[in-house]
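Enquirer:
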DNA sequence: GCATTCACATACCGTGGGTATGTGAACGAC
DNA sequence: GTCGTTCACATACCCACGGTATGTGAATGC
């Protein structure tokens, strides 16, 4: 006798994992929900029971992936005390983690069009972009860079790093590209110092 | 008696226009090819005859939209003689033109996932991103900013502006947001000056 | 022990992309 | 001018897949 709550949690987790694998490998549209379910030994009905729709499962997968990246960025930043070092460490952590093909396909490519850009942006701001904005506010408060509106700058840098992550993954030597992107980004940030 | 070549060109053009309208309004997946065709008084068969697939029509629409933006950016840049002024004018032109909802939905949101990021990037580099790279090379050659690898910086700035364009269109006052984004971008670029 | 809830399974429908084939008008050769 | 060919579509059809409505049997609460 397995309790219902445990069974429910197990199935939900298995759907999330299998969905993430397939969404990352094939892209949202090419994924067929029935195969996701069959892949873990259940039927389509289970997926609809848990997530309501194909987009619902995808949304949950996106949220988990974003949270994971956001947590990694936050952890990298918190290893430093100086706000400036936190900002730079966070950026580097994002570029390294963001070049993961699973994250790219799901969060950077498919999510904005499947969920709509507004919802994607809200989710993004709830995870990694929020940290970026806070880090920028901190370096301004510390006087390291000139005070200026945070939001436009955040979106510029967020977009820059998202695109850089996609670029990095497509290069022959991603590790070297992370450094190249990071150098260019550092030059941009350094230029802001007052 | 209308000649076949003329008829062909006319139908092709009408499909491109109607497709662009619908792709922009409803998004790629929500568009049904038969309705695009019916919208201009032909059937699905015509669309397949001309473009081979739904993605084929979309690809052609994307190419035209990118060319249009690229031409606008180039024109804005060529109004100036100084490489630095050309760079700044091109960026502003892109931000203003890129906040057009048609361009956003088609080129920035749907195209990367429908056509694949690699093909999207190739098309992007063939139009607007190429101009950005050339402008950056020019200001380095002129000694206005320090010499550095062009490609990472181009991708960072290209991504920054794409994201900024999406952000701008979602704000209550897009015209003001263009200025805000442009100020932030100018600060970043100014920081690179040697 | 009995009614209820719940976590799915099963059966079914509609939509829409793709394809195979038909057709009539323009076209080139004579 | 006419005759066979080409071509720009139209027509008819297939089927994959998302969604829904309903069934079912085991856990749960009283």
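Chains as they are written, first to last, in UniProt numbering: chain L, 1 to 194; chain V, 1 to 194.
Where a beta carbon is used, it is the ideal one built from N, C-alpha and C, also for glycine.
(1) Against residue 7 of chain V, what residues of chain L qualify as contacts under a CB-to-CB distance less than 9 Å, listed in chain order?
(2) Taking DSSP as the reference, what is the three-state secondary structure of residue 145 of chain L?
(3) Is any beta-carbon of chain L found at less than 8 Å from that of residue 113 of chain V?
(4) Name the chain V residues that come within less than 7 Å of residue 101 of chain L, Cβ to Cβ?
(5) Report the residue from V:53, V:161, V:172, V:2 whose alpha carbon sits nearest the alpha carbon of residue 104 of chain V.
(6) Using a C-beta to C-beta distance shorter than 8 Å, which residues of chain V count as neighbours of residue 66 of chain L?
(7) Run through the DSSP bridge pairs and tell me what residue 193 of chain V is partnered with.
(8) Does the distance from the C-beta atom of residue 186 of chain V to that of residue 88 of chain V stay below 8 Å?
(9) Output the distance between the C-alpha atoms of residue 39 of chain V and residue 190 of chain L, rounded to the nearest integer angstrom.
(10) Helix, strand or coil for residue 172 of chain V per DSSP?
(11) Name, please, each residue of chain L whose Cβ falls closer than 7 Å to the Cβ of residue 132 of chain V.
(12) Using a Cβ-Cβ cut-off of 7 Å (strictly less than) and excluding sequence neighbours within five positions of residue 47 of chain V, which residues of its own chain qualify?
(13) Given that a residue counts as buried once 16 or more other Cβ atoms are within 10 Å of its Cβ, and exposed if not, what is residue 214 of chain L?
(14) Do we get a CB-CB distance below 8 Å when we pair residue 191 of chain V with the residues of chain L?
(15) Where do the ends of the alpha helix (DSSP H) carrying residue 109 of chain V lie?
(16) I'd like to know if the region 78 to 85 of chain V and the region 118 to 133 of chain V are in contact, where contact means that at least 3 CB-CB pairs between them fall below 8 Å.
(17) Along the chain, which unbroken stretches of the alpha helix (DSSP H) at least 4 residues long are found entirely within the UniProt domain "HTH tetR-type" (9 to 69) of chain L?
(18) Pull up the distance between the alpha-carbon of residue 115 of chain L and that of residue 165 of chain L, whole angstroms please.
(19) Residues of the region 153 to 179 of chain L with a CB closer than 8 Å to any CB of chain V: list them in chain order, please.
(20) Name, please, each residue of chain L whose Cβ falls closer than 8 Å to the Cβ of residue 109 of chain V.
(21) Using a C-beta to C-beta distance shorter than 7 Å, which residues of chain L count as neighbours of residue 187 of chain V?
(22) I believe residue 24 of chain V touches residue 106 of chain V by the beta-carbon criterion, under 8 Å. Please report the beta-carbon distance rounded to the nearest angstrom.
(23) At least one CB of chain V closer than 8 Å to the CB of residue 181 of chain L: is that the case?
(24) In this structure, does DSSP put residue 79 of chain L in helix, strand or coil?
(25) From residue 22 of chain L to residue 31 of chain L, what distance separates their C-alpha atoms?
(26) State the DSSP-derived secondary structure class of residue 154 of chain V, mapped to helix, strand or coil.
(27) Would DSSP call residue 100 of chain V helix, strand or coil?
(28) Is it buried or exposed for residue 184 of chain L, if we count other Cβ within 10 angstroms and need 16 for buried?
(29) Give me the chain L residues within the contact set of residue 56 of chain V, using Cβ-Cβ distance strictly less than 9 Å, ordered along the chain.
(30) What's the call for residue 20 of chain L, buried or exposed, on a 16-neighbour Cβ count within 10 Å?
(31) Tell me whether residue 39 of chain V counts as near the ligand MG, meaning its Cβ is closer than 7 Å to at least one heavy atom of that ligand.
(32) At a CB-CB cut-off below 8 Å, which residues of chain L make contact with residue 184 of chain V?
(33) With 8 Å set as the bound, which would you pick, yes or no: does the beta-carbon of residue 45 of chain L sit closer than that to a beta-carbon of chain V?
(34) Within 8 Å of any Cβ in chain L, is that where the Cβ of residue 27 of chain V sits?
Expert: Taking the coordinates as given:
(1) The contacting residues do not exist; residue 7 of chain V stays about 34 Å from chain L at best.
(2) Residue 145 of chain L: strand per DSSP, three-state reduction.
(3) At least one C-beta of chain L is nearer than 8 Å to the C-beta of residue 113 of chain V.
(4) Those do not exist, as residue 101 of chain L stays about 11 Å from chain V at its closest Cβ, beyond 7 Å.
(5) Taking only the C-alpha atoms, the option nearest residue 104 of chain V is V:161.
(6) Contact of residue 66 of chain L with chain V by beta-carbon distance below 8 Å is absent, the smallest such distance being about 16 Å.
(7) For residue 193 of chain V, the beta-bridge partners assigned by DSSP are V:145.
(8) A contact, by the Cβ cut-off of 8 Å.
(9) Take the alpha-carbon of residue 39 of chain V and the one of residue 190 of chain L: they are about 53 Å apart.
(10) Coil, per DSSP.
(11) Taking a Cβ-Cβ cut-off of 7 Å, residue 132 of chain V has no neighbours in chain L, whose nearest Cβ is about 12 Å from it.
(12) Beyond the five residues adjoining it in sequence on each side, residue 47 of chain V comes within less than 7 Å, by CB distance, of 15, 33, 36, 37, 57 in the same chain, given in chain order.
(13) The structure shown does not extend to residue 214 of chain L, since chain L spans only 1 to 194, so no value can be given for it.
(14) It does; some Cβ of chain L falls within 8 Å.
(15) Boundaries cannot be given for residue 109 of chain V, as no alpha helix (DSSP H) includes it and DSSP labels it neither H nor E.
(16) Because the criterion of three Cβ pairs below 8 Å is not met, the region 78 to 85 of chain V and the region 118 to 133 of chain V do not touch.
(17) Runs of alpha helix (DSSP H) with 4 or more residues, each lying fully within the UniProt domain "HTH tetR-type" (9 to 69) of chain L, are found at 33 to 39, 44 to 51, listed in chain order.
(18) Taking the Cα positions, residue 115 of chain L is about 21 Å away from residue 165 of chain L.
(19) Taking 8 Å as the Cβ-Cβ cut-off against chain V, the residues of the region 153 to 179 of chain L that qualify are 153, 155, 156, 157, 158, 159, 160, 161, 162, 163, 164, 166, 167, 170, 177.
(20) Within chain L, the residues near residue 109 of chain V are 112, 113, 117.
(21) Here the neighbours are 148, 192.
(22) That pair is a contact at about 6 Å.
(23) The beta carbon of residue 181 of chain L falls within 8 Å of a beta carbon belonging to chain V, placing the residue at that interface.
(24) The DSSP-derived three-state label of residue 79 of chain L is coil.
(25) Per the coordinates, the alpha-carbon of residue 22 of chain L lies some 6 Å from the alpha-carbon of residue 31 of chain L.
(26) In the three-state scheme derived from DSSP, where H, G and I count as helix and E and B as strand, residue 154 of chain V is classed as helix.
(27) Of the three classes helix, strand and coil, the one that applies to residue 100 of chain V here is coil, per DSSP.
(28) Buried, since its Cβ has 16 or more Cβ neighbours within 10 Å.
(29) The contacting residues do not exist; residue 56 of chain V stays about 16 Å from chain L at best.
(30) Buried, by the Cβ-count rule.
(31) Among the ligands in the structure shown, none appear at all, so the ligand MG cannot be discussed.
(32) Residues of chain L passing the Cβ test: 148, 149, 152, 153, 156.
(33) Chain V, which has no Cβ nearer than 8 Å to the Cβ of residue 45 of chain L, makes this no.
(34) Closer than 8 Å to some Cβ of chain L, the Cβ of residue 27 of chain V qualifies, so yes.
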